[in-house]
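Undergrad: Letter by letter, the sequence shown follows residues 122 to 313 in the working numbering.
Glycine included, C-beta positions come from ideal geometry on N, C-alpha and C.
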Amino acid sequence: MHIPDNNKLYNPEFLQHGYIQIYTGNGKGKTTASLGLAMRALGRGWSVLIVMFTKGGNDYGELISFASLSPDFKDKVKIIQAGLDRIVYSSNISEEDKKQAQLGWKIAKRAIKNDEYQLIILDEANIALDLNLIELSDMLDVLKNKPDDMEIVLTGRNAKPEIIEIADLVSEIKPIKHYWDKGIKARKGIEF
Ligand code: ATP
Ligand code: MG
122 MHIPDNNKLY NPEFLQHGYI QIYTGNGKGK TTASLGLAMR ALGRGWSVLI
172 VMFTKGGNDY GELISFASLS PDFKDKVKII QAGLDRIVYS SNISEEDKKQ
222 AQLGWKIAKR AIKNDEYQLI ILDEANIALD LNLIELSDML DVLKNKPDDM
272 EIVLTGRNAK PEIIEIADLV SEIKPIKHYW DKGIKARKGI EF
């Protein structure tokens, strides 16, 4: 396969309108859909920011894949982990969880305001909002005023109605079956 020179792929003359997308619901596929989109956009020479809310540590297959991209592509994707290396629920939230999420949001907010990327993925942002780790009114304000040509994706269960309201695309993934119900926990290569 011929891979075009990455620097020639993103041509500002062809800027197109960017939308706000939400992948929510209790079924599997929200984060993986956003990562697939990141790969697609990178292939077109876009610059991509991924902020992973509520996720820390480096035990994610996607982190290894992105780190293994050729320099041209790797330079166009920035990944920020804004969480601890554990699952956060409403019953185990710590000050550090909040600090991490707020730091991630600060970076995302600055990137949105400064128009630094063509695609910004706020993975598990819905969870961070639902758990009050970041402020809803602040995020609404920033999203409403995003640059016209920037695409922003929020993933995670329990998307806030106020965010759904301002989004342009909302996909709710519904679990018809999930092996979780058979007691099968997250698997390497499939869930992380
Ligand atoms: P993927 O990253 O595979 O696209 P997702 O982003 O749609 O999945 P999340 O809501 O982020 O899914 O859930 C991530 C993890 O939650 C999964 O690794 C899974 O093991 C676990 N999980 C799945 N179903 C349940 C459930 N009913 N209750 C609690 N945890 C679940
Ligand atoms: Mg997810």
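(1) Along the chain, where does the beta strand (DSSP E) that runs through residue 145 open and close?
(2) Taking only runs that begin and end inside the segment 198-269, name each unbroken beta strand (DSSP E) of 3 or more residues, in chain order.
(3) Taking only three categories from DSSP, how would you classify residue 292?
(4) Residue 225: buried (16+ other C-beta within 10 angstroms of its C-beta) or exposed?
(5) Assuming residue 175 is part of the alpha helix (DSSP H), what are its boundary residues?
(6) Who are the Cβ neighbours of residue 151 in its own chain at under 7 Å, not counting the five residues just before and after it?
(7) Just jot down, in chain order, the residues whose CB lies closer than 5 Å to any heavy atom of the ligand MG.
(8) Which partner residues does residue 385 have in the DSSP bridge list?
(9) Can you tell me which of the three DSSP states residue 190 falls into?
(10) Which residues in the same chain have their Cβ closer than 6 Å to the Cβ of residue 168, if we skip the five residues on either side of it in sequence?
(11) Nearest to residue 166 by alpha carbon, out of 153, 158, 280?
(12) In whole angstroms, what separates the C-alpha of residue 210 from that of residue 252?
(13) Could you spell out the range, first to last residue, of the alpha helix (DSSP H) harbouring residue 311?
(14) So, is residue 245 buried or exposed, given that buried needs 16 or more other C-beta atoms within 10 angstroms?
TA: On the basis of the coordinates in this document:
(1) Element bounds for residue 145: 141-145.
(2) The qualifying runs are 198-203, 240-244.
(3) In the three-state scheme derived from DSSP, where H, G and I count as helix and E and B as strand, residue 292 is classed as strand.
(4) Burial call: buried.
(5) Note, residue 175: premise wrong, no alpha helix (DSSP H); not H, not E.
(6) So the list reads 144, 145, 276, 277, 294, once near-sequence residues are dropped.
(7) After applying the 5 Å Cβ criterion, the set is 151, 152.
(8) Residue 385 falls outside the range modelled here, since the chain spans only 122 to 313, and no answer is possible.
(9) Reduced to three states, the DSSP call for residue 190 is coil.
(10) Counting only Cβ-Cβ distances below 6 Å, and skipping sequence neighbours, we find 197, 238, 239.
(11) The candidate whose alpha carbon is nearest that of residue 166 is 158.
(12) Straight-line Cα distance between these residues: approximately 8 Å.
(13) If you look at residue 311, you'll find it isn't in any alpha helix (DSSP H); DSSP assigns it neither H nor E.
(14) A residue is called buried once 16 or more other Cβ atoms fall within 10 Å of its Cβ, and residue 245 is buried on that count.
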